[in-house]
Each structure stands twice: as structure tokens, then as C-alpha cells.
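Going left to right, the sequence shown walks through residues 319 to 417 as our numbering numbers them. Worksheet: the structure to be examined is printed underneath.
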Amino acid sequence: MAPSSRPVSVEKAGPRTLRVAWSDGLKSDIDVVELRRRCPCAHCVDEFTRRPLLKPEDVSDTVRPVRVRSLGRYALSVDFSDGHSSSIFSWDLLRGLAP
Ligand SMILES: [Zn+2]
Numbered sequence: 319m320a321p322s323s324r325p326v327s328v329e330k331a332g333p334r335t336l337r338v339a340w341s342d343g344l345k346s347d348i349d350v351v352e353l354r355r356r357c358p359c360a361h362c363v364d365e366f367t368r369r370p371l372l373k374p375e376d377v378s379d380t381v382r383p384v385r386v387r388s389l390g391r392y393a394l395s396v397d398f399s400d401g402h403s404s405s406i407f408s409w410d411l412l413r414g415l416a417p
């Protein structure tokens, strides 16, 4: 991620797509189910070994974000419809998820 690149907006672009617009003009369409599977929180990834605790098949294809909040300059907070509400995604991670 270029140092000058930061998110300027996050919007729902479809039933399971979040679109992040970056200051350098790039737009990332992020699959929300993939996003849920990549949750880096202590419930989903072992804090010490970074080993994934969450299996992809544990996340239903029907999971959706119910609340999306920007945490300012460094991250996005997402509450998911499966009751998972501790997901914090750094902008770097989101940028890396973009195809
Ligand atoms: Zn998690």
C-alpha cells in the first residue's frame, strides 16, 4: 500500500460486496464472506502463533455485515450477521484482499 493511499469511502456495492475507494483512485470490491473468513481477531487467529483457528467451512456463505464502521485512519470495524462483532480489519489487510 502506497503511503499516500488511504480509504476515502466504504459502501455496499451488492448483497455480499463492500466497495472501498482509495485516495489513489483504486476501487476494491471485497467479498464479505471472504472478509469474514479472514478475520484477524483473537477468536479467529491464534494471537501468539498466528495460526488460523477459524476454518473456512465454519463461515456460512450467507454471512453478511450488519454494521460497518471506520476506525479512522487505520482500520475498519465490522459486525457480522453470524454474531461475530469483534472484527477489526486494517486498511492494509483490506487493500491486500482486493483482486
Ligand atoms: Zn474474528
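For glycine and all other residues, C-beta sits at the position ideal for the given N, C-alpha and C.
Any chance the CB of residue i is under 7 Å from a heavy atom of ligand 1?
i, result
"Ser405", "yes"
Buried or exposed: which applies to residue i, given that a residue is buried once 16 or more other Cβ atoms fall within 10 Å of its Cβ?
i, result
"Val396", "buried"
"Ser405", "buried"
"Arg354", "buried"
"Ile338", "Reading off the sequence shown, one finds Val at residue 338, where the question assumed Ile. With 16 or more Cβ atoms within 10 Å of its Cβ, Val338 is classed as buried."
"Arg356", "buried"
Give me whichever residues DSSP pairs with residue i in a beta bridge.
i, result
"Pro383", "Phe398"
"Lys330", "Leu336"
Quick test of the definition: if touching needs 3 or more C-beta pairs under 8 Å, does the region 341-355 touch the region 372-392? yes
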